[in-house]
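Report on one structure; see the data block that follows.
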Amino acid sequence: MVNNMVKGVVADPEELIKFADRLRSFNQIAGSNVSLLNSQFNRLGESWRDDEYKKFEAEFTSTMKTVMSFFAACEIYEHHLRKKAQPLDRYGDIRI
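Those letters in the sequence shown? Residues 758 to 853, per our numbering, in order.
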């Protein structure tokens with residue numbers, strides 16, 4: 758691990774970028790899967806209508822809100838990590 762210190766931050770900019778890339782990839786893949794799942798769930802609701810469906814629908818809706826909130830947090834942190842990596846990377850390029 759490369760230690761860079763900029764304003765009290767110790768981090769490897771390459772690792773920050775790798776993780777930011779992984780977050781972006783995760784959001785894209787999982788977001789696509791969630792969209793498909795939502796579509797299928799909506800179609801399922803056309804044919805499955807009983808008390809058990811209503812319970813599952815409430816749980817599904819609640820969970821999807823949490824998942825979407827997590828996607829939003831991942832996007833925010835992806836950008837944060839990239840911004841944090843920039844000055845660390847420049848600092849690492851300084852040769853004394």
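For each residue, glycine too, the CB sits at the ideal point set by N, CA and C.
Using beta-carbon positions only, say whether residue i and residue j come within less than 8 Å of one another.
i	j	result
K841	L773	yes
N784	E814	no
With residue i and residue j assumed to form a contact (beta carbons below 8 Å), what rounded beta-carbon distance in angstroms separates them?
i	j	result
N795	M821	7 Å
A777	L838	4 Å
For residue i, which residues of its own chain have a beta-carbon under 7 Å away from its beta-carbon, when the five flanking residues on both sides are left out?
i	result
F798	F817
Y834	L780
Residues in its own chain within less than 6 Å of residue i by CB, not counting five upstream and five downstream?
i	result
D812	The sequence shown places Lys at residue 812, not Asp. No residues qualify anywhere along the chain.
Consult DSSP for residue i and reduce its assignment to one of helix, strand or coil.
i	result
V763	The pLDDT assigned to V763 is 46, lower than 50, so where the model puts this residue is not dependable; a value taken from the coordinates is nonetheless given after this. If DSSP states are grouped into helix, strand and coil, V763 belongs with the strands.
Is the Cβ of residue i closer than 8 Å to any Cβ of chain D?
i	result
K840	Checking the listed chains, one finds no chain D in this structure; it contains a single protein chain.
Item to check | alpha helix (DSSP H) runs contained entirely in the segment 808-852, provided each spans 4 or more residues | outcome: Taking only runs of at least 4 residues, the alpha helix (DSSP H) segments lying wholly in the segment 808-852 are 808-850.
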